[in-house]
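Chains as they are written, first to last, in our numbering: chain R, -2 to 319; chain X, 6 to 455; chain Z, 55 to 230.
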Amino acid sequence: MSEQIQQIKVTIDDQTIMVDPGTTILSAARQIGGNVVPPAMCFYSSLKGSGGKCRTCLVEVAAGSEKDPRPMPKLVASCSTTVMDGMIVKNKSSERVLDARKGVVELLLINHPLDCPVCDQAGECSLQDLAFEHGASHSRYEFERREFDQIDIGEYIKLHMTRCILCYRCVYTANQLTDNREHGVLKRGDASEIGTFIENSLDNEFIGNVIDVCPVGALTDRTFRFRSRVWYTKPMDASCSCGKCSGNAVVWMIGNEIARVTARKDKYGEVKEFICNDCRFNKKELSDWKIEGPRHIDRHSVISANHYEKAAPIHTPLLNKA
Amino acid sequence: MSRKLLLNNVHVEGIHTYDVYRKTGGYAAVEKALKSMTPEEVVEEVKKSGLRGRGGAGFPTGMKWSFIAKPEGVPRHFLCNADESEPGTFKDRYLMEKIPHLLIEGMILSSFALGCEQSYIYIRGEYMYVLRILEKAIAEAYQNGWLGKNIKGSGFNLDLSVSPGAGAYICGEETALIESLEGKRGNPRMKPPFPAIQGLWQRPTVVNNVETICAVVPIVNEGGEAYAGVGIGRSTGTKLISAGGNINKPGVYEIEMGISVEEFIYGDQYCGGIKNGKKLKACVPGGSSVPILPHYLVCKTAEGTDRLMSYESLAEGGFATGSMLGSGGFIVYDEDQCIVRNTWNFSRFYHHESCGQCSPCREGTGWMEKVLHRLEYGHGKIEDIDLLWDIQRKIEGNTICPLGDAAAWPVAAAIRHFREEFEWHVKEPNACTTRNYGLVTEKVFEKVNA
Amino acid sequence: MENQNIENIQFPKELLDEVQRITSLFPEGKQKSALIRVLHIAQAHFGYLSAPVMDYVARLLLIQPIEVYEVATFYSMYDTQPVGKVKLEVCRTGPCMIEGAEKIVSYIEKKLGIKDGETTEDGIFTLKTVECLGACGYAPMLQAGEKFHEHLTEEKVDVLIEQYRLNPVANYMGQE
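Shown next, in the form of structure tokens:
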């Protein structure tokens, strides 16, 4: 007999699925898909050690397992809790979860500048989506918000710390994708900040990926800043032959110009193949890329709202190049 | 009548030195264990003793020890948590400063029981002078063959050293302590995996509080059963209580579990009553994190029975009318103290000490401090009280580590029992900055099943 | 100390030996565990933890400078900006507040003409309020260097400030 992994059963919001042992609740929910998937602001599948911090993915475990069906007393972070056989989880079907999540959103927003009208991330911001889906319509916070100066960390990346929600993703990215991490989390508590301490530029050749993993507008592409609102651009899958990375990317077009280059993200906003700085920041000519076709943006943001990809093909000569 | 198991010899001249400690029976427990006991037998005695963690959580020590993983070829570590920083608590410092060899003896016994050959005492950085006392004592222990290779011919090896923190309450949380001992920021880890499986340098690790480790010495000397015979019910043995606030005799007292709270506050051999003949207003019996009790729930439970100094009795009534023994940081407030001010003070502490890793604690602690500050200085609104209640509720239970709960509980308890004092701060914005409210009205509680 | 240059930052031999001793307390390859203690030593020796000092410590322990910056800015005992020779750290939490810590702070502020967090012009004293130092039964109290001064009164503050003014070395061990 071949060694077959004994799958285990988990039920999330009344939907049951069989998964491999060691699967987290979040991952199981993503396998089911749709409404049962909890939001995640800090967890990132490919970044080891990420998760657990933002607390937006909290869920209720109504029954621990078939063997021990007692409920877990506290809500648990679905991104870092593994499922047990027969576990019953409540996400949106739990009032406790919705209430706690609303609380987390309110707390995440008390020090957020809410400068969405001038933020480069607007339209593709996880915090915007989260607040829209789970937040209250007004804040009860009446004190001054925390502010930081915005700084350039190197010629390509802008750090707007005031917007940061301290998900640590960029730190894990630097740790795991580059040889020498040069930035990190400084200070502590609500004074914590992402920074380099001394004026230092991040120039490792994969460091640009911190922009893609950032769930908010804290780390943005200086070669793109304010060039356009993201929803006026047209994302196209594109590839190039690159010696450093896969060369598979998305180019965001304004007319026939490449406004910015990013990695390709899945429907949970996660990059599957990280790209190098060269592809991201320096290849801004159409001739640098082979255009494969419109990028399917599988999220509920404004980018996909106009469903442009279903409309008539874009009449530009670039498609013919492909 | 109260028995002493840890501080019997604390007043003996020179007890901090090896020679005097040894002459008064020190290291007899190590001798006994190495000569006539297996590590499993030591664990068994600790289980029988009913000893529970003295750092605050009260988890059974023997059970904690039995969780340690023992994979082939992987070193295990035993760590002492000497990061004492819970406001109101100063007993570990007293133990280490006065009888450093008692902790070293407990470390040897515990390391032997768990099969650890490299153990560390993690001490808060502010206790640097205590670290130096411990290092001196450790050097003496090495010189006299109680540490190092093949201790007293038993074949058991142990290296012990002290490592300081540098100012962070959070490092008292065991996974933050481990991170700090690895030379990192004190961010608590996600659990599981628990330290017993993956702790220091990802190796199986047990972390115990100073007082807990010291208690292993009398347990080995006299046997687990004898230890369990001291105290009351599941609160076995003795407990060190750090007494502070408005009392006549602040200090560290070793009590037998089960004496009455009334005796502890008013008895001459303990706190000696409220200072300046004032009335008792409130008491925080187990360190700043545990719920504050109003005067009428300190010495009596809501049921009208005597409240005792034990895990169970202090918790009787749940959070509705009870509190916790916690770390034994016993803070007494007289009628002139302001509960709003005290709550604001504690909130400022938790805000200052939040590591900032998870969002409810990072953002919520600061918000609570700001609202409490506004109330204390007469700028509050009546809705602020419910707002505070709601913020603490959003933090409690939703964070990575217990600091979130520790920040939420004092606020919740203050509102639960002293709401009228909070309201008075809103209604009398001028008066509240010049005088204090006094005692709160006694409430009648319906029978609460804890 | 203002312009510390990486070139002239170097521990004397005895401190290098001490770093060696501390590092040897941990298993091979786990020398980062020595970081917190080495930073205490660096701060005591160089006055505060400037970026060049932290870079030096990073090189000694074979770790990245950012790993040192992250730690140095996390723990409240470290100063990454210059401070006075003697830091007067007054506990302000719970029992100390009840016993009059605020009055002690105002008294020191008035006496030295500085506010919480400031340093006297002569560079001798820095006043800092801190959270619980584990001396609640002996309140109010302050820590200067490694030393705990407990059961403070205005008179006691006068005496200890005079002592430190004459001999501004707070790094000796022991209690009162």
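All C-beta atoms, glycine included, are put in the ideal place defined by N, C-alpha and C.
- Taking the C-beta atoms as reference points, Z:ALA189 is found no nearer than 7 Å to Z:GLU209.
- Here the stretch 292 to 304 of chain X does not lie against the stretch 424 to 432 of chain X, with fewer than 3 beta-carbon pairs under 8 Å apart.
- Under the three-pair Cβ rule at 8 Å, the stretch 297 to 316 of chain X counts as touching the stretch 255 to 263 of chain X.
- Distance from the CA atom of Z:LEU181 to the CA atom of X:GLY409, rounded to whole angstroms, is 30 Å.
- Under the Cβ distance rule, R:GLU179 counts among the residues neighbouring chain Z, one pair being separated by less than 7 Å.
- Residue pairing from DSSP places Z:HIS203 in a beta bridge opposite Z:LEU196.
- Put simply, the CB of R:LYS184 is near chain Z, with a gap under 7 Å to one of its CB atoms.
- Contact between Z:THR174 and R:LYS184 does not hold, since their C-beta atoms are separated by about 26 Å, which reaches or exceeds 8 Å.
- For X:GLN207, no Cβ of chain R is located within less than 7 Å of the residue's own Cβ.
- Selection X:ASN281, X:GLN362, X:LEU56 evaluated against X:GLY236 yields X:LEU56 as nearest (Cα-Cα).
- Among the residues facing chain R, X:CYS360 is included, as its CB has a counterpart in that chain under 7 Å away.
- The beta carbon of R:ALA256 sits closer than 7 Å to the beta carbons of PHE221, ARG224, SER225, THR230, TRP249, MET250 from its chain, once the five residues preceding and following it are set aside; these are given in chain order.
- Looking at the DSSP output, R:MET84 sits in a beta bridge with R:VAL7.
- For R:ILE195, the nearest CB of chain Z lies under 7 Å from its own CB, placing it at the interface with that chain.
- The residue from X:ILE109, X:ALA173, X:GLU216, X:LYS399 with its alpha-carbon nearest to that of X:ARG27 is X:ILE109.
- Every alpha helix (DSSP H) of 4 residues or more that sits fully in the stretch 232 to 305 of chain R is shown, in chain order, as 299 to 302.
- Bridge partners of X:PRO290 according to DSSP: X:GLY292.
- Contact annotation for X:MET262 against chain Z: no contact, minimum CB-CB distance about 20 Å [criterion: below 8 Å].
- With its beta carbon less than 7 Å from one in chain X, R:PHE140 belongs to the interface.
- Here DSSP, grouped into helix, strand and coil, assigns X:GLY229 to helix.
- With a cut-off of 8 Å on Cβ pairs, the stretch 437 to 452 of chain X is not in contact with the stretch 137 to 150 of chain R, counting fewer than three such pairs.
- For R:ARG52, the closest Cβ of chain X is nearer than 7 Å.
- Contact between X:TRP349 and X:GLU388 is absent: CB atoms are separated by about 17 Å, not below the 8 Å threshold.
- Chain-order list of chain X residues neighbouring Z:MET151: ARG346, ASN347, ASN350, by C-beta distance under 8 Å.
- Under the 7 Å criterion on CB atoms, X:TYR127 is classed as non-interfacial with respect to chain Z.
- Setting aside the 5 residues that flank it on each side, X:GLU381 is surrounded in the same chain by VAL345, ARG346, TRP349, each with a C-beta closer than 6 Å to its C-beta; the list follows chain order.
- In the structure shown, X:LYS103 adopts helical secondary structure according to DSSP, grouped into three states.
- By the Cβ neighbour-count rule, Z:LYS141 is buried, with 16 or more other Cβ atoms within 10 Å of its own.
- In the structure shown, the three-state DSSP call for X:HIS82 is strand.
- Leaving aside the five residues that flank X:VAL135 on each side, the residues in its chain whose CB is nearer than 7 Å to its CB run, in chain order, ARG98, MET101, GLU102, ILE128.
- Excluding its 5 nearest sequence neighbours in each direction, R:GLN173 has C-beta neighbours in its own chain below 7 Å: LEU44, LYS45, listed in chain order.
- Between the alpha carbons of Z:MET195 and X:LYS305 lies a distance of about 33 Å.
- By the neighbour-count criterion, in which a residue is buried when 16 or more other Cβ atoms sit within 10 angstroms of its Cβ, Z:LYS139 is buried.
- For X:LEU165, the enclosing beta strand (DSSP E) starts and ends at 164 to 169.
- Residue contact with chain Z for X:ILE336: present (Cβ-Cβ distance below 7 Å to some residue of chain Z).
- DSSP, read as helix, strand or coil, puts R:PHE203 in coil.
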